[in-house]
Each structure stands twice: as structure tokens, then as C-alpha cells.
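Numbering (the UniProt record's numbering), first residue to last: 1 to 238. Beta carbons are placed, not taken as given, at the ideal position from N, Cα and C, and that holds for glycine. Have a look at the structure below, then the notes.
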């Protein structure tokens, strides 16, 4: 029988395998018009909130946010646990000729569950960007925020795009109601399948986020993104 820690590791491993599998098709999916508009909205909010400095691109995927981050002269620490996605991001950097202020974390460094024991990089970042529902791949929110607090300055901004439970829960549950009370009480609301791989998705309410981040981050704003399944959250490191 799995213990709680084993369950987190199991989710992490399965989700990494999922993104490795879809890495070659991910850019095509994300370049659809609606996704571009959403990404632009996130970029505007981030630039309005963060003047400069070091940014942790948490769950950076294939690096589609690197273009506007680099154009804004932010210094980037790129954290992506999927090696397939990360390799595409590294190729993007080489092809675009980005500045050297861009650090890629390797497989071990990108595992945020160990950051409370071993810091993945020496500096503290000024902001965290987590786009397109990265937080919804993570069942243990308290561990997530504790880990992020280890690598952020006091007053650091956190901008994240997450699935809006109020809008999406009904639609997703029409597809499939899966994994009720799975993982010793951790709720998996959806299992997305691609070929032989599956990705666990977890919905997080505003209340759950506030509770999980108590002592580390304050929630400043949660804004629903029009005509999308997402909401944009803005938090600040205490």
C-alpha cells in the first residue's frame, strides 16, 4: 500500500511521463488562437506586477514564455521536470540567441519536493511565473508553497494561471468522475489520457490555496479569465 509520500511521487512520475510523451505536439496545441490570447494576458499582468530581476519560470514547458520574459530583460531560472519539454525549451533558447541570464534546472534540481532539504540554486528570485495550470498537476499545495518560499525573496510576486474549479468541474465531470478520495484523501478530479499515458489533474479552490499558503504567501487577487477555463491568481511572498 502506498504511503502519502509515495502517492505524491507516483503522481509526479506519471505526470512527467505524460509531458514527455506529448512534448512534440505541445507547441502546436498551445499555439491555438485562444491559448495565445490567454498567454498574452498573463504576460501583461506579469509585466505590470514585476519590474525586473530574477524570475522562476515554474513548469516552463517548452519555453513559450521565454520570448516575452527575455524581451523584458528578466533573468530567468527555468524549472521544467519533463526532460522532453525542457530539451525543446533549450533548443528554443539556442535558436533565438537569448542572453546568458537564463539558467535551466536539471532533473534533480527541478524536483521542488526536495527544495526544503537542498536548494536548487543559490539566489532568491524576485518573482515566480507558473502558466497554464501547472499548479493543477500538484496534489500537495502546502508542500508547493513551502518549497517556493525557500527560493523567493520576501515581497516576491507570484503569478499563476490555474483551472477555475467553478467553471470546469461540471464540464470535466461530464467526461469522467475519477479517483474520488484517491491517494489517501488527495483528490484527483480528472485523469487526462494521451495514447498510453495519463495525467492527474487536481482542482484547487481559492480557499484551499489561501490555507495552503498561510505563513508563506498572501493571495492578492484571483481573476477569472474571460471565455476560458482558467483564473489568474496573484500572490505575494510574506
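{"Asked": "Residues of its chain near residue 98, where Cβ-Cβ distance is below 7 Å and the 5 sequence neighbours each way are ignored", "Found": "66, 70"}
{"Asked": "CA-to-CA distance, residue 143 to residue 151, given in whole angstroms", "Found": "13 Å"}
{"Asked": "Euclidean distance between Cα positions of residue 126 and residue 162", "Found": "21 Å"}
{"Asked": "Same chain only: Cβ atoms within 6 Å of residue 221, ignoring 5 sequence neighbours per side", "Found": "234"}
{"Asked": "Buried/exposed call for residue 122, threshold 16 Cβ in 10 Å", "Found": "exposed"}
{"Asked": "Cβ contact check for the stretch 89–107 and the stretch 127–134: 3 or more pairs under 8 Å", "Found": "no"}
{"Asked": "Identity of the residue in 62, 106, 82 nearest residue 94 by Cα", "Found": "62"}
{"Asked": "Residue 85 versus residue 211: straight-line alpha-carbon distance, rounded", "Found": "31 Å"}
{"Asked": "Distance CB(residue 131)-CB(residue 201) smaller than 9 Å", "Found": "no"}
{"Asked": "Length at least 3, wholly inside the stretch 49–75: the beta strand (DSSP E) runs in chain order", "Found": "54–58"}
{"Asked": "C-alpha distance - residue 172 paired with residue 154, whole-angstrom precision", "Found": "Low per-residue confidence applies at residue 172: pLDDT is 45, beneath 50, and the placement is therefore not dependable, though the value from the model is reported in the following sentence. Their backbone Cα atoms lie some 37 Å apart in a straight line."}
{"Asked": "Inter-residue Cα distance where the pair is residue 133 and residue 41", "Found": "15 Å"}
{"Asked": "Expected contact under 8 Å - CB spacing of residue 55 and residue 76 to nearest Å", "Found": "6 Å"}
{"Asked": "Opening and closing residue of the alpha helix (DSSP H) in which residue 155 lies", "Found": "Run containing residue 155: none in the alpha helix (DSSP H); it sits in the beta strand (DSSP E), 152–163."}
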